[in-house]
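Trainee: Using this note's numbering, you'd call the opening residue of the sequence shown number 39 and step up by one each time. In this text, a Cβ means the ideal position worked out from N, Cα and C, and glycines have one as well. Predicted model, so just to flag it, every value in this text is computed and none were measured.
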Amino acid sequence: MKPEVAPHPYPDVKLNTDYFKGIVTDGIKLVTSPLHWETRDWLTAGLIGGTTVALGFLDEKVHEEIEENPSKARKDFLKVGEVVGDGGYAAAYLSLFYLTGLFRDDEELKSTALLATESFLISGAFTLTLKHLIGRERPNNTTEADDFAGPFAGEGLAFPSGHTTTAFAIATVFAKQYERHIWVPPLAYTLATMTALSRVNENVHWTSDVFFGAAIGYFTAAALHKLHSNPNVPKLMVRPMVSSARQGIALDYRF
């Protein structure tokens with residue numbers, strides 16, 4: 039008789055047909071989630087919207103400040119942010135994470151890569167839809183932050199920032215999956231923030247673009263993580279760790 043293994047407190051996502059179906063069903067759940075929001079959720083949404091509007095009044099000032107004070111050192115430092123938030127690179131490094139988990143027989147890493155990919159795809163769909171509906175001009179194409187081309191104009195795809203959405207959609211999954219490792223969340227969010235800063239520094243996004251993009255990425259990832267988490271797992275638990283590389287026990291705590 040095999041010993042009973044305690045359930046893992048983190049999402050356990052598998053690469054199968056249910057995974058691909060789940061991307062669609064989870065997306066629908068997120069789109070319809072406002073129908074079930076509580077007061078706290080509406081207050082959070084209001085705070086995000088209000089902050090976005092407030093930043094909108096500072097967009098031109100921030101843009102002018104960066105244009106008047108260019109810095110090669112700043113540009114070079116933020117280059118890593120471009121990679122983290124680029125959709126093509128994201129697909130590549132998420133695939134690499136999954137293959138690494140497959141090679142090392144690391145179920146948690148495979149699950150994390152799959153959940154991050156789902157977060158990347160769903161948040162990307164949200165952002166792309168908003169881009170075409172809002173039609174805001176990029177700062178490298180106009181001097182006015184309130185310049186909007188209109189819905190489906192085929193141009194003006196500044197709001198919200200796709201790179202920033204991608205960066206935070208992925209970073210948040212890794213931060214939550216590996217939150218017991220104290221260095222992971224700060225590293226993940228630092229890289230995502232560098233993506234946001236790089237987009238403003240490169241003059242392709244306004245400050246409010248990247249803020250709202252970050253919000254989409256973060257809350258999409260947080261919602262998906264919650265959807266896939268096991269609600270019956272206790273906050274504090276000890277579980278066995280058994281793989282081809284190591285054996286032992288692990289202490290997990292859910293915040």
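In angstroms, rounded to a whole number, what distance separates the CA positions of G125 and T63?
Mentor: Distance between the alpha carbons of G125 and T63: 22 angstroms.
Trainee: In three-state DSSP terms, what is R78?
Mentor: Reduced to three states, the DSSP call for R78 is helix.
Trainee: State the DSSP-derived secondary structure class of R176, mapped to helix, strand or coil.
Mentor: DSSP places R176 in coil when its eight states are reduced to three.
Trainee: Could you check which residue in E146, H266, A151, T258 has the C-alpha nearest to that of T70?
Mentor: Comparing Cα-Cα distances from T70 to each of E146, H266, A151, T258, the minimum goes to T258.
Trainee: Whose C-beta lies closer than 8 angstroms to the C-beta of A154 among residues of the same chain, with five residues either side of it excluded?
Mentor: So the qualifying residues of the chain are L132, F135, A207, I208, V211, F212, A259.
Trainee: Exposed or buried, E156, counting other C-beta atoms within 10 Å across all chains shown (16 or more means buried)?
Mentor: So E156 counts as buried.
Trainee: With DSSP run on the structure shown, which of helix, strand or coil describes F190?
Mentor: Coil at F190, not helix or strand.
Trainee: Less than 8 angstroms between the C-beta atoms of G94 and S246, yes or no?
Mentor: Cβ distance < 8 angstroms, so G94 and S246 count as in contact.
Trainee: Assuming contact is defined by CB atoms lying nearer than 8 angstroms, are P189 and F250 in contact in what I supplied?
Mentor: In this structure, F250 does not lie closer than 8 angstroms to P189 by Cβ.
Trainee: Going by other Cβ atoms of all chains shown within 10 Å of its Cβ, with 16 needed for buried, is R78 buried or exposed?
Mentor: That one is exposed.
Trainee: On a CA-only basis, which of P108, L168, G139 is nearest G200? Give me that one, please.
Mentor: Among P108, L168, G139, the Cα nearest to that of G200 belongs to L168.
Trainee: What's the C-alpha gap between L85 and F141?
Mentor: Approximately 43 angstroms between the Cα atoms of the pair.
Trainee: Under a Cβ-count criterion, where at least 16 other Cβ atoms within 10 Å of its own Cβ denotes burial, should D97 be classed as buried or exposed?
Mentor: When all chains shown are included, D97 counts as buried.
Trainee: How far does the alpha helix (DSSP H) with Y256 in it extend, from its first residue to its last?
Mentor: Per DSSP, Y256 belongs to the alpha helix (DSSP H) from 245-266.
Trainee: Have a look at A261 and P177 and give me their C-alpha separation to the nearest angstrom.
Mentor: Cα-Cα distance, rounded: 32 angstroms.
Trainee: Give me the Cα-Cα distance between T180 and W244, rounded to the nearest whole angstrom.
Mentor: Using only the alpha carbons, I get a separation of about 11 angstroms.
Trainee: Do the CB positions of F158 and A128 come within less than 8 angstroms of each other?
Mentor: Result yes, Cβ atoms of F158 and A128 sit closer than 8 angstroms.
Trainee: Which class does I220 belong to by DSSP, given the choice of helix, strand or coil?
Mentor: Residue state, collapsed to three classes: coil.
Trainee: Out of K214, I220, Y256, Q215, which one is the CA nearest neighbour of A234?
Mentor: Residue Y256 is the option with its Cα nearest to A234.
Trainee: Can you check whether the CB of E120 is closer than 8 angstroms to the CB of N241?
Mentor: Going by C-beta atoms, N241 is not nearer than 8 angstroms to E120.
Trainee: Which of the three DSSP states, helix, strand or coil, is assigned to F141?
Mentor: Helix.
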